[in-house]
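2 protein chains.
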Amino acid sequence: MVVTLRDVARAAGVSPATASRALSSPELVAPARREQVQRVARELGYRPNRAARELITGRTGNLCLVVPDLENPFFAAVAKGVQARARTLGYAVFVADAEEDPRLEPELVAHLGAQVDGAVLCSPRMSDEDLDRLAEDVPLVLVNRRHRALASVVIDNADGVRQAVTHLHALGHTRIAYVGGPADSWSDARRREGLAHVSHGLRRVEVVDLGPFAPVFAGGVAAGDLVAASGATAVLAHNDLVALGILSRLQARGLRVPQDVSVVGYDDIPAATLVSPALTTVTVPLARLGREAVDLLVAHAMSTRRGSAAERVVAAALAAHRDGAGGAPGVSASITGGPRGASYVDVDAARAVEPHTPHDGTHETDGARGTDGARRADGKAVGADGGADGRADAPAGAHGPRVGVVGAPASPDGTGEPAPQPVRLRVELVVRASTGPVPTRPTSEADR
Amino acid sequence: MVVTLRDVARAAGVSPATASRALSSPELVAPARREQVQRVARELGYRPNRAARELITGRTGNLCLVVPDLENPFFAAVAKGVQARARTLGYAVFVADAEEDPRLEPELVAHLGAQVDGAVLCSPRMSDEDLDRLAEDVPLVLVNRRHRALASVVIDNADGVRQAVTHLHALGHTRIAYVGGPADSWSDARRREGLAHVSHGLRRVEVVDLGPFAPVFAGGVAAGDLVAASGATAVLAHNDLVALGILSRLQARGLRVPQDVSVVGYDDIPAATLVSPALTTVTVPLARLGREAVDLLVAHAMSTRRGSAAERVVAAALAAHRDGAGGAPGVSASITGGPRGASYVDVDAARAVEPHTPHDGTHETDGARGTDGARRADGKAVGADGGADGRADAPAGAHGPRVGVVGAPASPDGTGEPAPQPVRLRVELVVRASTGPVPTRPTSEADR
DNA sequence: CTGAAAGCGCTAACAC
DNA sequence: GTGTTAGCGCTTTCAG
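In order, the protein sequences belong to chains L and C.
Take the position in the first sequence, starting the count at 1, then add 5; the result is the number in the numbering used here.
Take the position in the second sequence, starting the count at 1, then add 5; the result is the number in the numbering used here.
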C-alpha cells in the first residue's frame, strides 16, 4: 500500500542501501544508478518515512516557535518571518501560544523540544533558570531577549527611543511622558536605559516616567489619563498597542493629537496606520527578527543534537575540528546538513553538495551582517568573555547607521565554544501624523 | 545518556514489553508492577521517543493548521483557538502560512500532512480538486469553507448579513452598499446569497453591490470612494479590515461616520474597537472556529490512519464495528485513542481508560452542540445525502437562536461512512458607534 | 497478567 | 561504489 524504500530498491534492482544513498546522499552513488533510482522513486510515488529517518539520524527537520500571544500583531509578524524562512530551508515549524503565562512556556518548550531540532523563543517571560534548563535539552534561540550564552536576535531598543526623543525634541517638546511596558519585560528595561541616556544628552528635555502598563490596548487607555494629567506635551509608549490606547483615550477626552499632545509608538504594527491620525512609531523589522532567528538556529544549534548515532559522530567531528583543522567544511557539512531546498517534493534529491552555509545575507535588503556569519570556531574568537551580561551594548549616545552586529554564531550547547554575539537589528523612526510641533501654550487638563 | 524504555524495564526488573504496557496501557498491567514501573520511569527521567512510537503506531500526536495569512487577525484568532484546543488534547500543532497563495497551500499540506494525524485548513483558497487529492492522504477539516464529504466548521454567513441589514433597516437606511471580498471567496458567496434573501424580505431596501475587493485594509480604502459615490447611506463590508479601510477613506474625505454614512463590518477582530467610531460588526466566534475544527479532527479523522500495522487493525475494527455491534467502545478506544491530557510530563501514564470521546462540549460556553457529537456510525444516520453541495444551508429568512448544528461527525475517509454535517456556528451583530440613523437629507459627494 | 520475539522504515558501519 | 548486516526505540502479537 505505502511504498517503502525497499520497494524502490527492488524495482530499481539495487540494494536498499544504495537506494537510500541515491536519494539522501546522491554524491555517493554512480550517476547512472543514482538517476535510475530517483526516477523509480518518483514513479512509484515514494515518500520517505520521516519517523524512521528521525529514529536513526536523530534529526526531525522541524523547528518550533513559542510566543506569548499569537493574536498580538508583533508576534504574528515574527511568526510569519519564522515560517517563511523555515520553509525555504525545508523545515516545518510547530507554533505554540503560551497565553501570556510564564509558567506555560517551559512546559511547551519541553514538550515540543523533544520533537524538533531547535526552538525559537520569542519574548519569553520565563525565568533565566528555566532558560538554562531548557537549553540543555534543545538548541534555543531567543528573540527580543538576551541570556548568557544563548544565541539571540534583538533590536536596538535604546536607539529606537533615542530617535523618538530626538524627533520630539526637534519639534520643541521638552516634557515627554514615557508609558512603559510590563515590569519584567527585557526590552522595556533596555528602552528605559536608552531613555536615560538620551535625556542626559539633550538639554531642557524632561522625561516623565508614568510607570509600567500592560502592553496592550487597554493598558494604553489606562495610561491615557495619566498622560493628560502629567502636563507632558508628548508621550512615548512601550509599543503601538499601548500608543493606540493612549490615542484613543486622549481623543475620547477631547484632546487633539497631535495639536495638543504628540504620541509615539514602537514596533510599527499594521494597526498603526489604521487609526487617525496615523501613528508615528519606531519601525521594527518584525519578520526579519523571525528570519534571523531561524538562520541562527540552523547555523549552529543544529550541530549538536542528542540523537544516538548522530550525536556521537558529531561530538567526534567537533573534537577533531577543534584540534587544529582550521576549517574543513566538508566534514561538518555532511553532519550538520539539515533539510533544505524549497521543494517539498523531493527534498532529499535536492540536497545540495555545497557545505552548509544557511545564511549569507543573500535575502537581506541591507548588507549589515557579515557574509561568513555562519562559519564558526576560527580560533581567534574563542574564549572571549562573550558570556557577559550584555550590559555593554548600548552606547546610546552614538548614532548613525548602527550595524546589525556580526559575530560568530558559535554553539552554546556546552561544546566549549564561545557565546555568540546577539544579532542586533536596527530600528528606524517613521514619522506620521500623530506627532507635531509643541503647542504654543502648555496643554493640561484644565484646558477644557 | 538518554534513558530508554529498556533502561526503565531493567531498573524495574520487568521486561520491556511490560514496561511499555505499564506506561502506555496501564490497565493491562497489575497495579503493583504498574506503579513501580511508572515510578522508576519518573525517577530515571524517562522520555518516550516519539519517532520510535510513531514508526510503529503510525500516529504522530501532531496536527497542522494552514492559513492564508498569519498576520490577518482573523486567522491569528483561529490559530489561537486551534492551539489551545490541541494542547489540552495533547497534540502539538504545525502552523503554516500560505502567503495568500493558492498554489502554495497544497504543497504545504502535502508536506506537513506526512507528519501529522490530521490537518485543519482555514479558508483554503485551493481548488476543490486539490482538496480531494489531499484528503486522500491526510484527514482534513475545513474552516470557513465547505466541500463535499469533508468535515468542516463554518459560520452562519447568511444570518450575519441578515442581522446587519435588519439593523440598518431599522435605522431607516434604504440604500445600502455591499463591499464584497475576493471573487473566489466561499464565505463571500454565502453572504451575497444571504443579502439577496434579506433584501427580498424587507420593503424599500435596496442593496448596491460595489463588487469584489481585496479583503484587506487597502481594499476598503479603494472601496471607500465607490461608497461615497454610490449615494448609499450605509455600507456593509466583507470583513472588518475592509470596513476599517472604508471608514478611513470616508473620514479622510470629510464624511462623518455615522452621521453621514453608517459602516458595518464582519468578524469583529480586535482592531474593530481600536478605531473611532468603534465599528459595528458581526461577531464571529473566531477562537471557537479553531476549537471546533480540532474537535472534529480528533473525533473522526483520526480513526483511520495509514500507519502500516495500525492501519490494518483499525480497518478490521471498523469493519467489525459496522457489522452489528452497536457500540463496543472498548475496541475502537484502544485504537483511536490518541494523545490527551494536559500534562506533557507523562501523557502516556494519563491515558484514559474511558473510550475516545474527545469533545463533549465541556469547554463550550453555550450548549449548542450535542453531547454525543463524537459518537459516530450508529446506523440511522448512515447513507443520508450528506454529500450534497451545501446549498441547502441558508433558510436565510428564519432567525432566532440558530443552533450550531449537531450531526454525526462521520469519517469521510472513504470508509463508507456518511458525509458529516458541517458544524455551523452562530454569529451576532454587535452595534457600536459606526452606525446610526439615516441622515435626514441624503448624503452625497456634492455635499461638500 | 507477563515475557520473548518480531519487526515498523530507514540509515550507517563494514566489507567486498 | 555497492551490498550485507545491524540496529534506532518502541509496540505488539503470541505463548505461557
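We treat Cβ as the ideally placed atom computed from N, Cα and C, and that holds for glycine.
Keep in mind it's a predicted model, so treat the numbers as computed, not measured.
Are three or more beta carbon pairs between the region 183–201 of chain L and the region 156–171 of chain L nearer than 8 Å? yes
is_contact[residue 116 of chain C, chain L] using C-beta, thresh 8 Å: yes
Scan the region 122–141 of chain C for residues whose Cβ lies nearer than 8 Å to a Cβ of chain L and list them as they occur along the chain. none
Do you know how far the Cα of residue 201 of chain C is from the Cα of residue 228 of chain C? 20 Å
Give the straight-line distance between the Cα atoms of residue 281 of chain L and residue 259 of chain C, rounded to the nearest whole angstrom. 13 Å
Whole-number beta carbon distance between residue 285 of chain C and residue 437 of chain C, since they are thought to touch under 8 Å: 5 Å
Please list, in chain order, the chain C residues whose beta carbon lies closer than 9 Å to that of residue 98 of chain L. 99, 100, 101
My output table needs one value for residue 149 of chain C: the three-state DSSP class, helix, strand or coil. coil
Nearest chain L C-beta to residue 211 of chain C closer than 8 Å, yes or no? no
Using a beta-carbon distance below 8 Å, is residue 276 of chain L in contact with chain C? yes
Under 8 Å by Cβ, that's how I've got residue 42 of chain C and residue 27 of chain C pegged, so tell me the actual separation to the nearest angstrom. 4 Å
Among L/52, L/149, L/108, which one has its Cα closest to the Cα of residue 293 of chain L? L/149
For residue 5 of chain C, which residues in chain L fall below 8 Å Cβ to Cβ? Residue coverage of chain C in this structure runs from 6 to 453, which leaves residue 5 of chain C outside it and unanswerable.
Selection of the region 248–273 of chain L by Cβ proximity to chain C, strictly under 7 Å: 249, 253, 256
Please classify residue 111 of chain L as buried or exposed, where buried requires at least 16 other C-beta atoms within 10 Å of its C-beta. buried
Counterpart residues of residue 7 of chain L in DSSP-defined beta bridges: Paired residues: none, contrary to the question.
Under a three-way DSSP split, which group does residue 154 of chain C fall into? coil
So, helix, strand or coil for residue 40 of chain C, using DSSP? helix
DSSP-derived helix/strand/coil call for residue 427 of chain L: coil
Output needed for residue 432 of chain L: all residues of its chain with C-beta closer than 7 Å, excluding positions within five of it in sequence on either side, in chain order. 160, 161, 164, 165, 287, 288, 289
Can you give me the C-alpha to C-alpha distance between residue 102 of chain C and residue 425 of chain L, rounded to a whole angstrom? 30 Å
Can you check whether the C-beta of residue 168 of chain C is within less than 8 Å of a C-beta belonging to chain L? no
Closer than 8 Å to chain C by CB, residue 28 of chain L: no
Anything in chain C within Cβ reach of residue 119 of chain L, meaning under 8 Å, just list it in chain order. 52, 55
Could you work out which residues of chain C lie near residue 222 of chain L, taking near to mean beta carbons separated by less than 9 Å? 275, 278, 279
Interfacial residues, the region 58–73 of chain C to chain L, with Cβ spacing under 7 Å: 59, 60
Chain-ordered neighbours of residue 88 of chain C on chain L, where CB pairs are closer than 8 Å: 75, 100, 101, 102
When DSSP labels each residue in this structure, what does residue 49 of chain L get in the three-state scheme? helix
Tell me, which residues are paired with residue 99 of chain L by DSSP? L/69, C/99
Mind checking which residues open and close the beta strand (DSSP E) that includes residue 211 of chain L? 211–217
Who are the Cβ neighbours of residue 222 of chain L in its own chain at under 8 Å, not counting the five residues just before and after it? 246, 247, 249, 250, 253
Can you tell me which of the three DSSP states residue 119 of chain L falls into? coil
For residue 92 of chain C, does the count of other Cβ atoms within 10 angstroms reach 16, so buried, or fall short, so exposed? buried
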